[in-house]
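Asks: Residue numbering for the sequence shown follows UniProt numbering, beginning at 1 and increasing consecutively.
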Amino acid sequence: MPPGPPGLPWIGNKHQMPAVKPWRKFAEWNTQYGSIVSLFLGRTPVIVLGTAQAAWDLLEKRSDIYSSRPRFVVAGEILSDNQRGLMLPYGEPWRKWRKVLHSGFHARRSDTYKDIQSLESKLSMYQILNDPKHWEQHLQRYAASVVVSVSYGRRVESIDEWIVQENIEAMDYLTSVNIPGKYLVESWPWLLKLPVRTPSIVNINAPLILTLGIQRFLQWFREEPERRRQRDIKLYMHLLEDVKARMSQGTIQDCLTTQTINDMPKNGLSELEVAYAVSSPFGAGIETTAGTLSTFFLAMLHFPNVMKKAQAELDAVVGADRMPDYDDKDNLPYISALINEALRWRPVAVLGGTPHAVTQDDEYNGMFIPKGSTVFANMAGIMHDPVMFPDPDDFRPERFLETTNPRLQTFELPFGFGRRICPGMHLSLNSLFINVSRILWAFDITPIVDTAGNKVVPDSWAYTNGFNSRPVSFDCQIIPRSERKVECINMEWEAAKARIGEWQQ
1 MPPGPPGLPW IGNKHQMPAV KPWRKFAEWN TQYGSIVSLF LGRTPVIVLG TAQAAWDLLE
61 KRSDIYSSRP RFVVAGEILS DNQRGLMLPY GEPWRKWRKV LHSGFHARRS DTYKDIQSLE
121 SKLSMYQILN DPKHWEQHLQ RYAASVVVSV SYGRRVESID EWIVQENIEA MDYLTSVNIP
181 GKYLVESWPW LLKLPVRTPS IVNINAPLIL TLGIQRFLQW FREEPERRRQ RDIKLYMHLL
241 EDVKARMSQG TIQDCLTTQT INDMPKNGLS ELEVAYAVSS PFGAGIETTA GTLSTFFLAM
301 LHFPNVMKKA QAELDAVVGA DRMPDYDDKD NLPYISALIN EALRWRPVAV LGGTPHAVTQ
361 DDEYNGMFIP KGSTVFANMA GIMHDPVMFP DPDDFRPERF LETTNPRLQT FELPFGFGRR
421 ICPGMHLSLN SLFINVSRIL WAFDITPIVD TAGNKVVPDS WAYTNGFNSR PVSFDCQIIP
481 RSERKVECIN MEWEAAKARI GEWQQ
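1) Look up V449 in the DSSP assignment and say whether it is helix, strand or coil.
2) Measure the CB-CB distance between V436 and P225 and report whether it falls below 8 Å.
3) Mapping the DSSP letters down to three states, classify N454 as helix, strand or coil.
4) Could you tell me how far apart the beta carbons of residue 513 and F417 are, in whole angstroms, since I believe they sit closer than 8 Å?
5) Would you kindly work out how many angstroms separate the C-alpha atoms of Q360 and R420, rounded to a whole number?
6) For the beta strand (DSSP E) that contains Y113, what are its first and last residues?
7) Give the secondary structure of D64 by DSSP, where H, G and I count as helix, E and B as strand, and everything else as coil.
8) Check whether the region 447-464 touches the region 290-308, taking contact to mean three or more Cβ pairs, one atom from each stretch, closer than 8 Å.
9) Only counting the same chain, and skipping five residues up and downstream in sequence, which positions put a Cβ closer than 6 Å to that of A290?
10) Check whether the Cβ atoms of D362 and R154 lie closer than 8 Å to each other.
11) Cα separation between M87 and K309?
12) Leaving aside the five residues before and after R246 along the sequence, list all residues of the same chain whose C-beta is less than 6 Å from its C-beta, in chain order.
13) Within this structure, are the beta carbons of A442 and M17 separated by less than 8 Å?
14) Quick check on E157: does DSSP put it in helix, strand or coil?
15) Based on the DSSP output, what are the partners of F376 in its beta bridges?
16) Taking DSSP's pairing of strands, which residues face E444 in a bridge?
17) Run through the DSSP bridge pairs and tell me what A349 is partnered with.
18) For M264, is the classification buried or exposed, using 16 other Cβ atoms within 10 angstroms of its Cβ as the cut-off for buried?
19) Is D325 near S118, with beta carbons less than 8 Å apart?
20) Restricting to Cα atoms, I'd like to know which of D131, A320 and D330 is closest to R481.
21) Can you tell me the Cβ-Cβ gap for G42 and W135, rounded? I've got them flagged as a contact below 8 Å.
22) What distance in whole Å lies between the Cβ atoms of V348 and N468, which are believed to be in contact at a cut-off of 8 Å?
23) Hey, does N267 have any beta-carbon neighbour from chain C nearer than 8 Å?
24) Tell me which residues share the same chain as V243 and place their Cβ nearer than 8 Å to its Cβ, disregarding the 5 neighbours each side in the sequence.
25) Using only the alpha-carbon positions, how far apart do Y364 and Y90 sit?
26) According to the Cβ coordinates, are G12 and L39 closer than 8 Å?
27) Under three-state DSSP, which class holds L269?
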């Protein structure tokens with residue numbers, strides 16, 4: 001097997017795994033032992049890929065055996081009852097889920113959403129202009145409204161709406177329980193065979209959650225995720241029933257859910273399976289898009305010279321009398337490179353999304369990789385590989401303009417590998433372009449100043465702990481670059497309001 005840290009009997013390397021941000025320890029081991037590291041969590045072999053080439057060689061070129069998933073006891077079975085396609089092993093149920101997502105978010109289909117993305121961006125620009133202190137919430141609202149619009153045919157006016165807050169809590173919980181090595185039962189699944197105590201008297205009118213809590217008390221790890229699962233089902237079925245009601249009334253835009261409901265006779269999915277399937281963009285799209293935009297803000301505070309170069313390009317191509325639009329993209333190569341660099345510098349999906357599993361014994365460069373191994377593409381390390389990305393801590397968009405490597409010119413690396421690549425990649429990139437280009441066109445992003453007159457720049461490594469890791473909230477100043485651009489933002493928003501109203505009808 002590949003080299004790696006020595007472990008202990010029975011528990012393997014579990015005692016060496018930090019409770020938070022395990023990707024940093026993975027990166028240390030890759031530096032110490034090489035681009036491919038092996039360890040054990042209990043009896044489960046774990047392979048950590050620390051370079052892009054190793055990930056491409058295994059997860060893409062050998063995708064026929066590296067496209068499955070490990071067993072997720074807490075996040076997959078207990079919390080999700082194996083309903084989340086992201087965690088399903090390779091097979092027919094996963095293919096059904098993937099077909100639903102691909103039909104809604106392939107490149108050409110995603111281009112049809114540009115209109116609503118542009119309208120939502122104009123609202124966000126207006127909100128940032130008039131309430132710059134809450135810029136992060138405005139970008140979260142943007143991300144939420146786009147994914148809810150394309151998934152459920154309705155907009156989001158505020159992140160305080162019930163469905164948004166419930167979804168954020170659901171995703172925060174999911175990412176918090178899906179940390180490798182966090183739960184003993186992941187390494188020792190025989191704990192699921194612990195006896196359960198059935199109460200001598202069961203109140204049939206008692207809530208299901210209470211009954212489950214009593215029955216499962218010897219399996220101490222069950223109660224909380226089972227309670228969260230009931231909340232998730234309530235949310236996803238509510239959204240599905242709302243779409244069905246508006247379909248019957250003829251008051252809904254075509255969206256992923258309407259398409260999937262209409263295809264139910266041939267896709268073989270139950271209503272609950274549909275509810276979970278169409279919730280995938282709602283779950284993943286908000287955190288990843290908003291998190292990357294927050295990273296962009298953080299980078300501008302640390303690298304103001306990059307902001308000035310991007311603004312110079314925008315001024316030359318777009319001018320001051322209109323906002324950038326999608327038609328400008330081909331003429332804004334530095335903006336595209338800046339977005340790539342934001343995805344690289346601090347990747348939100350720090351462990352490459354959900355880990356892969358290999359379905360048969362394999363050999364790579366003389367190293368044995370056993371069947372059933374969990375395989376992580378450690379993006380936190382890959383994106384800071386000094387061979388592929390010299391001076392990796394620097395935020396330097398030029399690296400994507402100077403490269404002759406076709407993999408870096410297209411740069412799909414942040415979105416995963418092979419058959420498990422993120423189905424929402426095109427939608428996400430369109431959101432990043434329209435927001436980054438317009439924000440830099442309109443505003444300077446600068447540090448706040450304390451009472452002593454000193455600039456306060458937030459820590460560039462202060463990120464949350466979930467496997468979707470976003471910047472810890474920070475303050476900054478957002479200053480309009482000219483009065484003409486302020487006028488343009490207000491004018492564009494006035495025109496957009498009527499369009500948004502028409503879209504909702």
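Note that the Cβ used here is the ideal one computed from N, Cα and C, for glycine as well.
Replies: So, to answer that:
1) Residue 449 sits at position 449 when you count from the first residue of the sequence shown. Three-state result, V449: strand.
2) Translated into positions along the sequence shown, residue 436 becomes position 436. Translated into positions along the sequence shown, residue 225 becomes position 225. Contact flag unset, no.
3) For this step, residue 454 is matched to residue 454 along the sequence shown. It is coil, neither helix nor strand.
4) Missing from the structure shown is residue 513; the chain here goes from 1 to 505 and no further.
5) For the purposes of this step, residue 360 is identified with residue 360 of the sequence shown, where counting begins at 1. For the purposes of this step, residue 420 is identified with residue 420 of the sequence shown, where counting begins at 1. C-alpha separation (whole angstroms): 18 Å.
6) What you label residue 113 is simply residue 113 of the sequence shown in a count that begins at 1. That residue, Y113, is in no beta strand (DSSP E); it is neither H nor E in DSSP.
7) Your numbering for residue 64 matches position 64 in the sequence shown. In the structure shown, D64 sits in a helix (DSSP, three-state: H, G or I).
8) yes
9) For the purposes of this step, residue 290 is taken as residue 290 along the sequence shown, with counting starting at 1. Correct list, in chain order: L139, Q140 and A143.
10) As a working mapping, residue 362 is identified with position 362 in the sequence shown. As a working mapping, residue 154 is identified with position 154 in the sequence shown. Taking 8 Å as the Cβ cut-off, D362 and R154 do not qualify as a contacting pair.
11) On the sequence shown, residue 87 is found 87 positions in, with the first residue counted as 1. On the sequence shown, residue 309 is found 309 positions in, with the first residue counted as 1. Between M87 and K309, the C-alpha separation is close to 41 Å.
12) Taking the sequence shown and counting its residues from 1, one reaches residue 246 at position 246. I252.
13) Stepping through the sequence shown from its first residue, residue 442 is reached at position 442. Stepping through the sequence shown from its first residue, residue 17 is reached at position 17. For A442 and M17, no; Cβs fall outside 8 Å.
14) Position 157 of the sequence shown, counted from the start, is the residue given in the question as residue 157. DSSP places E157 in coil when its eight states are reduced to three.
15) Stepping through the sequence shown from its first residue, residue 376 is reached at position 376. In DSSP, F376 forms a bridge with V48.
16) As a working note, residue 444 is residue 444 in the sequence shown. Correcting the residue identity first, residue 444 is Asp in this sequence and not Glu. The partner list for D444 (beta bridge, DSSP) reads I479.
17) Taking the first residue of the sequence shown as position 1, residue 349 is located at position 349. Bridge partners of A349: N468.
18) In the sequence shown, residue 264 corresponds to position 264, counting from 1. Exposed, because fewer than 16 other Cβ atoms sit within 10 Å of the Cβ of M264.
19) Translated into the one-based positions of the sequence shown, residue 325 becomes position 325. Translated into the one-based positions of the sequence shown, residue 118 becomes position 118. Cβ atoms of D325 and S118: closer than 8 Å.
20) What you label residue 481 is simply residue 481 of the sequence shown in a count that begins at 1. The option with the nearest alpha carbon to R481 is A320.
21) The count along the sequence shown starts at 1 and reaches residue 42 at position 42. The count along the sequence shown starts at 1 and reaches residue 135 at position 135. The Cβ separation is near 44 Å, so there is no contact.
22) By one-based count along the sequence shown, residue 468 stands at place 468. By one-based count along the sequence shown, residue 348 stands at place 348. About 5 Å; that satisfies the 8 Å criterion.
23) The structure shown contains no chain C; it holds only a single protein chain.
24) As a working note, residue 243 is residue 243 in the sequence shown. Within the same chain, Cβ atoms closer than 8 Å to the Cβ of V243 are found at Y152, G153, I252, C255, T257, T258 and I261, the five residues on either side in sequence being excluded.
25) Position 364 of the sequence shown holds residue 364. Position 90 of the sequence shown holds residue 90. So the alpha carbons of these two residues sit roughly 22 Å apart.
26) As a working mapping, residue 12 is identified with position 12 in the sequence shown. As a working mapping, residue 39 is identified with position 39 in the sequence shown. It is a contact, given that the beta carbons lie within the stated cut-off.
27) Against the sequence shown, residue 269 aligns to sequence position 269. Of the three classes helix, strand and coil, the one that applies to L269 here is coil, per DSSP.
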